[in-house]
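J.: Chains E and F, in that order, give the protein sequences. Take -3 as the starting number for the first sequence in our numbering and just add one per residue. Take 486 as the starting number for the second sequence in our numbering and just add one per residue. Built from N, CA and C at the ideal position, the CB exists for glycine as well. Here the structure is a predicted model, which means the values were calculated and not measured.
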Amino acid sequence: MPTDMLIRRLLPLAAGALGALVPAASHGAGEDQGAHGVHIERQDWTFGGFGGQFEAAQLQRGFQIYKDVCVACHGLKRVYFRNLAQPGGPEFPEQAVKALAADWPNKVVDGPDDSGKMFERPAKLFDPILGPFRNDQEARAAQNGALPPDLSVIAKARNPDYTGPFWAHPFSMLRDVATGYQEGGANYILALLTGYADKVPEGVKLADGMYYNVAFPGRQIAMPPPLAKDNFIKYQDGSGSLDQNARDVAAFLAWAADPSLNDRKRIGWLVMIYLAVTTVLLYLGKRRIWANVEH
Amino acid sequence: MEHHTSSYEPKTRRARWWDERLPVARLMHGQFIDFPTPRNLNYLWTFGAILTFVLAAQIATGVVLAMHYQPSGAGAFDSIEHIRRDVNYGWMIRSFHAVGGSMFFLAVYIHLFRALYYGSYKAPREVLWIIGVLIFAVMMATAFIGYALPWGQMSFWAVTVITNLFSALNEVIPGLGTVVVEWLWGGYAVSGTTLNRFYSLHYLLPFVIVGLVILHIWALHVVGQNNPTGLEIKTRSDWVPMYPQAVAKDSVGLFAFLILFAWFVFYLPDYLGHADNYIEANPLVTPPHIVPEWYFLPFYAILRAIPSKLGGVVAMFGSIAILVFVPWLDTSRVRSAKYRPVYRWFFWLLVITCLALGYLGAKPPEGAYVYWARVFTAYYFVHFLVVMPVVGILETPKALPKSITDAVLGGAGAPKTAAAAPERR
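#1: Rank Q710(F), E566(F), T648(F) and Y574(F) by C-alpha distance to the C-alpha of D723(F) and give the top, closest one.
#2: Determine the chain E residues that contact K719(F) at a beta-carbon separation under 9 Å, and present them in chain order.
#3: So what does DSSP say about G586(F), is it helix, strand or coil?
#4: What residues of chain F sit near F46(E), judged by a beta carbon separation below 7 Å?
#5: Looking at the C-beta of Q555(F), does it have a partner C-beta in chain E at a distance below 8 Å?
#6: Quick check on V289(E) - is its C-beta less than 8 Å from some C-beta in chain F?
#7: Please name the residue, chosen from F122(E), T274(E), S237(E) and D99(E), that lies closest to Q82(E) on a Cα-to-Cα basis.
#8: Let me check one thing: in DSSP terms, what residues is P124(E) bridge-paired to?
#9: Taking K734(F) as the reference, which of P523(F), A905(F) and F598(F) has the closest Cα?
#10: CA-CA distance, A25(E) and G84(E)?
#11: By the three-class DSSP mapping on this structure, what secondary structure does P691(F) have?
#12: To the nearest angstrom, report how far apart P495(F) and F520(F) are at their CA atoms.
#13: Which partner residues does F115(E) have in the DSSP bridge list?
#14: Could you pull out every residue in the same chain whose Cβ sits closer than 7 Å to the Cβ of P255(E), ignoring the five residues on either side in sequence?
#15: Please list, in chain order, the chain F residues whose beta carbon lies closer than 9 Å to that of R260(E).
#16: In whole angstroms, what separates the C-alpha of F641(F) from that of N681(F)?
#17: Got a sec: which bits of the region 734 to 745 of chain F sit with their beta carbon under 8 Å from any beta carbon on chain E, in order along the chain?
#18: Mark T531(F) as exposed unless 16 or more other C-beta atoms lie within 10 angstroms of its C-beta, in which case mark it buried.
#19: Go ahead and label G47(E) buried or exposed: buried means 16 or more other beta carbons lie within 10 angstroms of its beta carbon, across all protein chains shown.
#20: Checking the sheet assignment: what are the DSSP bridge partners for Q216(E)?
#21: Can you name the start and end residues of the alpha helix (DSSP H) that W265(E) belongs to?
#22: Taking buried to mean at least 16 other C-beta atoms within 10 Å of its own C-beta, is A628(F) buried or exposed?
#23: Please confirm whether G45(E) and N140(E) have their CB atoms less than 8 Å apart.
#24: Can you check which of these residues, Y177(E), G281(E) and P166(E), is closest to L257(E) by C-alpha distance?
#25: In the DSSP output, what is W724(F) paired with across the bridge?
#26: Please confirm if P777(F) has its CB atom under 8 Å from at least one CB of chain E.
#27: Give me the residue from H291(E), Q49(E), Y184(E) and P144(E) with the minimum Cα distance to A218(E).
#28: With DSSP collapsed to three states, give me the class of F709(F).
#29: Compute the beta-carbon to beta-carbon distance between F683(F) and V666(F), rounded to the nearest angstrom, for a pair I have assumed lies under 8 Å.
#30: Is the separation between the beta-carbon of P874(F) and that of Y824(F) shorter than 8 Å?
#31: My understanding is that L654(F) touches L661(F), with C-beta atoms under 8 Å, so please give their C-beta distance in whole angstroms.
#32: Roughly how many angstroms lie between the CA atoms of N767(F) and M552(F), to the nearest whole one?
#33: Who are the neighbours of Q49(E) on chain F, taking C-beta pairs under 7 Å?
#34: Which word fits M437(F), buried or exposed, when buried means at least 16 other C-beta atoms lie within 10 angstroms of its C-beta?
#35: How would you label P118(E), buried or exposed, when you count the other beta carbons within 10 angstroms and need 16 or more for buried?
#36: What is the residue span of the alpha helix (DSSP H) that E134(E) lies within?
See below:
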């Protein structure tokens, strides 16, 4: 088969020619410094992996951090007070949530009333958990031009970039698929809250009103450190630390972004078992049906 | 196959009554029970059934989502959150639909590369193939506008980038591109108006796909299925009836695929999406990297590989349009790459090229990424325009088996029963 031989001989030649065309400078590119490529540590979470579930006690502690610290600037408008009492969440007693809503500092604007005027009223179970600002403009005006984002889905809206070598990327992806890995957002929040540097490294010039944070893309963040090593929230039992506070509020925000996780993972197992068993049965049936037919 | 008649016999009086008036049961019996399927089909041939299921599932979940979704710039993002949080099992239906889009493309790519490997586009299956390419094109349009609906940052900026491509027409006729883009937008910028019309089209196009799928299956049932040998069905021993043999195999394939599908729905619902799409659309903030969903990445890489805007747009659309001509670009006498010792290597080179383009599409268009995107884009077109016609002429194919039966029974065969129905032996 001369033509075959010809083509087979030409192939390596063509490959070689292609190789010679590669620009020498190409190896340096691909490293993506600056705004991206910040390495974020992976953490263990109770809600990670196949069987993971939120731990109500941790979500309660996390909510306390949100209530005592974050709410000074950030709203949680897609989460409702009633959600705090529902299964799979912090599971506070309903009476406690009612009282909490009634005392919430950021009142609900309702109306118009019979005289055509809008009025403020205390929050009820069916109201969203509001932050201090009525709108983005008010927030920017109060925050030196920076906008504190709503935290309802923040744990899903952040996902650290892959920072390993490019050849390992497909394997990293396969491992994440195989292990059901979805906790990037919580990892990021924890890294951000604990990522403020005591001292700004030499040679870095911070812009006016900015803070140095190793986890933040670009490393300059407008948010002042909400928690610190010597300034953290103590829980009811007297314990607490910066790391524990950050961990708990990251878990709470992961729940806020994905309140159906407990149900999802529980039902998921049943679905997987059902599908696996059915596939095996169908395969056995198929083998029987095809038993006489060579194929 | 076109002469294939249904062995349907109405058993009850009511069935006879219907059979004389509207013989739907007879049609179905002939097409989906008696229908001859090659006995040597492998599991790659189950993807037709899998795709039919995914299309039906996308429509079913989509109809429910449409009951709760608000197609407005102000309400869209919140209504998705409402579905995820407050609608009964809304999180599941929404994940099923979002993951379903990815699974649809995964299955269609396997289906498409199967057809390319086994030469399923070659005569007499050209029309069948071209309808398939049309389905692929409409699917891409549907998926693209569907991705706009959550109205997150990636939705908004994907719409902005892709609709702006049409402004490249300005380089052909000055002013034309601007007119087309503003017509698509329904204004002078991407806005809630754009979202509204996209929503309308997202509900319409799936039914266009259904129509095309019916034609696709019709064309398939006229010419019959291809198979790993690429040989046509000749004798009774070459085929088995669709039911129960092919149906049994399709069911196994479908359920195995559903395991993967469900894994993503329940354990990785957001893995295939971009985190930025959980940030509400904001025309004033451009994300650092605008990337499409994974299934568009190879085409996105081609778009950005060409240094001119118009050229990029032409190359991107051309990379899909070129598939239409594949039946005539392939000059080989042999269908299946199984018997094509040289072309087979080029086939895998094409697969690697598409994967590489996918990887490069996700990277920023700078440095070596652009260089490699150009190399692989060049090969993509060379494969179809040069490799297919030239290798088809130069290559000496391996000896083909005499028949499907022969291939299955290893040549020695069972000549006595060769003409008999294999499933009844």
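T.: So, from the data block:
#1: One-based indexing of the second sequence puts residue 723(F) at position 238. Ranking Q710(F), E566(F), T648(F) and Y574(F) by Cα distance to D723(F) puts Q710(F) first.
#2: Counted from its first residue, the second sequence places residue 719(F) at position 234. None at all; the shortest Cβ gap to chain E is about 16 Å.
#3: Here residue 586(F) refers to the residue found at position 101 when the second sequence is read from its first residue. In this structure, G586(F) counts as helix in the three-state DSSP scheme.
#4: For this step, residue 46(E) is matched to residue 50 along the first sequence. Chain F residues near F46(E): Y752.
#5: Taking the first residue of the second sequence as 1, we reach residue 555(F) at position 70. Cβ-Cβ to chain E under 8 Å: no for Q555(F).
#6: Start at 1 with the first residue of the first sequence, and residue 289(E) comes out as number 293. Answer yes: the Cβ-Cβ gap between V289(E) and chain F drops below 8 Å somewhere.
#7: Here residue 82(E) refers to the residue found at position 86 of the first sequence. Selected option, being the one with the closest Cα: F122(E).
#8: Here residue 124(E) refers to the residue found at position 128 when the first sequence is read from its first residue. Answer is Y76(E).
#9: Along the second sequence, read from residue 1 onward, the residue named residue 734(F) stands at position 249. Among P523(F), A905(F) and F598(F), the Cα nearest to that of K734(F) is on P523(F).
#10: To locate residue 25(E), count along the first sequence from 1; it is residue 29. To locate residue 84(E), count along the first sequence from 1; it is residue 88. Low per-residue confidence applies at A25(E): pLDDT is 36, beneath 50, and the placement is therefore not dependable enough to give any value.
#11: Looking up residue 691(F) in the second sequence gives position 206. Of the three classes helix, strand and coil, the one that applies to P691(F) here is helix, per DSSP.
#12: If you number the second sequence from 1, residue 495(F) lands on position 10. If you number the second sequence from 1, residue 520(F) lands on position 35. Between P495(F) and F520(F), the C-alpha separation is close to 18 Å.
#13: Residue numbering aside, residue 115(E) sits at position 119 when the first sequence is read from its first letter. According to DSSP, F115(E) bridges with D106(E).
#14: As a working note, residue 255(E) is residue 259 in the first sequence. For P255(E), where only same-chain residues beyond five positions count, the Cβ hits under 7 Å are N79, G84 and G85.
#15: Numbered from its first residue, the first sequence carries residue 260(E) at position 264. Correct list: W576, M577, S580, V750, F751, Y752 and P754.
#16: Within the second sequence, numbered from 1, the residue matching residue 641(F) stands at position 156. Within the second sequence, numbered from 1, the residue matching residue 681(F) stands at position 196. Cα to Cα, the separation comes out at about 13 Å.
#17: K734, S736, V737, F740, A741, L743 and I744
#18: By one-based count along the second sequence, residue 531(F) stands at place 46. Its Cβ being crowded by 16 or more others within 10 Å, T531(F) is buried.
#19: Sequence index remark: in the first sequence, residue 47(E) carries index 51 (1-based). Classification for G47(E): exposed.
#20: As a first step, residue 216(E) is located in the first sequence; it is residue number 220 there, counting from the start. According to DSSP, which records beta bridges pairwise, Q216(E) is partnered with Y208(E).
#21: Position 269 of the first sequence, counting from 1, holds the residue named residue 265(E). From DSSP, the alpha helix (DSSP H) with W265(E) extends over L257 to I285.
#22: For the purposes of this step, residue 628(F) is taken as residue 143 along the second sequence, with counting starting at 1. A628(F) comes out buried.
#23: Taking the first residue of the first sequence as 1, we reach residue 45(E) at position 49. Taking the first residue of the first sequence as 1, we reach residue 140(E) at position 144. Not closer than 8 Å, so no.
#24: Residue mapping note: residue 257(E) aligns to position 261 of the first sequence, counting from 1. Closest by alpha carbon: Y177(E).
#25: Reading the second sequence from its first residue, position 239 is the one you call residue 724(F). Answer by DSSP bridge pairing, in chain order: P523(F).
#26: Along the second sequence, one-based indexing puts residue 777(F) at 292. Taking Cβ atoms only, chain E never reaches closer than 8 Å to P777(F), which makes this a no.
#27: The residue you call residue 218(E) lines up with position 222 of the first sequence. When each option's Cα is compared against that of A218(E), the closest is P144(E).
#28: In the second sequence, residue 709(F) corresponds to position 224, counting from 1. Sequence check: residue 709(F) is Gly here, not Phe. It is coil, neither helix nor strand.
#29: Numbered from 1 along the second sequence, position 198 holds the residue referred to as residue 683(F). Numbered from 1 along the second sequence, position 181 holds the residue referred to as residue 666(F). Not really, about 14 Å apart at Cβ, beyond 8 Å.
#30: Your numbering for residue 874(F) matches position 389 in the second sequence. Your numbering for residue 824(F) matches position 339 in the second sequence. No. Outside cutoff.
#31: Counting from one through the second sequence, the residue named residue 654(F) turns up at place 169. Counting from one through the second sequence, the residue named residue 661(F) turns up at place 176. Right, their Cβ atoms sit about 5 Å apart.
#32: One-based indexing of the second sequence puts residue 767(F) at position 282. One-based indexing of the second sequence puts residue 552(F) at position 67. Roughly 25 Å separates the two Cα atoms.
#33: The residue you call residue 49(E) lines up with position 53 of the first sequence. Under the 7 Å cutoff, chain F gives no residues; its nearest Cβ is about 13 Å from Q49(E).
#34: There is simply no residue 437(F) to check, as chain F begins at 486 and stops at 910 in what is shown.
#35: In the first sequence, counting from the first residue as 1, residue 118(E) sits at position 122. Exposed.
#36: Translated into the one-based positions of the first sequence, residue 134(E) becomes position 138. Segment D132 to A138, the alpha helix (DSSP H) holding E134(E).
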